[in-house]
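Participant: Quick one: the structure is below, questions incoming.
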Amino acid sequence: MTDRLRHVNDFELRKFDPAFAALVAGWVQTPEELFMLAPATEPPLTADKVLAWTEARNLPLLLWPIGGDAPVGYSELNFMSHDARDLWIGHFIVPESSRGKGFGYAFMRLLLRRAFASLSAASVSLVVFPENEVAVNCYLKCGLVKDGVHVKGFRHLPGKYKMRKMKISSRQYRRWQTRFCSIG
30 MTDRLRHVND FELRKFDPAF AALVAGWVQT PEELFMLAPA TEPPLTADKV
80 LAWTEARNLP LLLWPIGGDA PVGYSELNFM SHDARDLWIG HFIVPESSRG
130 KGFGYAFMRL LLRRAFASLS AASVSLVVFP ENEVAVNCYL KCGLVKDGVH
180 VKGFRHLPGK YKMRKMKISS RQYRRWQTRF CSIG
């Protein structure tokens, strides 16, 4: 793959294959990076912990470059317990070598397309640490809007942490898609 910015049509989503759990775990380089990705997961991230994520989630997915020999992203689309038409995105990650090249943008667009077109979602949400500005900007660029603050504690860490809730409804997605559908 070249270093040019990637287009959504350069990728496809595939169901998570457990054979790639160690690869996904290897994308997290530091305890701080793991905290930003999965604050409830104690370091270090291992293949077994990635597999535990996939067992507890509804639809774990890998981002694959068309014609590529390995995935370049991992995330989940999860059904909310109160309403299966409301989904949330969990554990959204691309490897360090793929960051800043449009992979995350293409990945998020494919996740939203799957959620709204294939799964008939009413809304899709996620939480992100506000200091993770690159991720926040990616999500905003994909049409998500800020939707409040989520404060949570984690059993292996002291204190409470603020996370930004972000959300997009099916109506907002249709408007965003109409406005930006010609943009890769």
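Residue numbering for the sequence shown follows this note's numbering, starting at 30 and increasing by one per position.
The beta-carbon is built from N, C-alpha and C at its ideal position, and this holds for glycine as well.
Note down the Cα distance separating Y134 from G172, rounded to an integer number of angstroms.
Facilitator: 11 Å
Participant: Take every Cβ of the stretch 42-55, pair it with every Cβ of the stretch 83-90, and state whether three or more of those distances are shorter than 8 Å.
Facilitator: Yes: at least three Cβ pairs fall under 8 Å.
Participant: Can you give the Cα-Cα distance for S199 and A150, rounded to whole angstroms?
Facilitator: 7 Å
Participant: When DSSP builds the beta bridges, which residues end up paired with P241?
Facilitator: Residue 241 lies beyond the stretch modelled for the chain, which goes from 30 to 213, so this question has no answer here.
Participant: With contact counted as at least three CB pairs below 8 Å, one residue from each stretch, are the stretch 53-62 and the stretch 71-89 in contact?
Facilitator: Yes: the two stretches touch, three or more of their Cβ pairs being nearer than 8 Å.
Participant: Which residues mark the beginning and the end of the beta strand (DSSP E) in which K181 is found?
Facilitator: V174 to F183
Participant: Classify T83: buried if its beta carbon has 16 or more other beta carbons within 10 angstroms, exposed otherwise.
Facilitator: buried
Participant: Is the Cβ-Cβ distance between P72 and F183 less than 8 Å?
Facilitator: no
Participant: Should L169 go down as buried or exposed, given a rule of 16 or more other Cβ atoms within 10 Å for buried?
Facilitator: Exposed is the call here.
Participant: Sorted by chain position, which residues of the same chain lie with C-beta nearer than 8 Å to L116's C-beta, five sequence neighbours on each side aside?
Facilitator: L106, N107, F108, M109, A144, L148, A150, S152, V153 and S154
Participant: Going along the chain, which unbroken runs of the beta strand (DSSP E) with 3 or more residues stay wholly within the stretch 126-160?
Facilitator: 152-157
Participant: Between H111 and F132, what straight-line distance do the alpha-carbon atoms span, to the nearest angstrom?
Facilitator: 31 Å
Participant: To the nearest angstrom, report how far apart N166 and M195 are at their CA atoms.
Facilitator: 11 Å
Participant: Check the C-beta distance from G102 over to F136 and give it rounded, since I have them as a contact under 8 Å.
Facilitator: 5 Å
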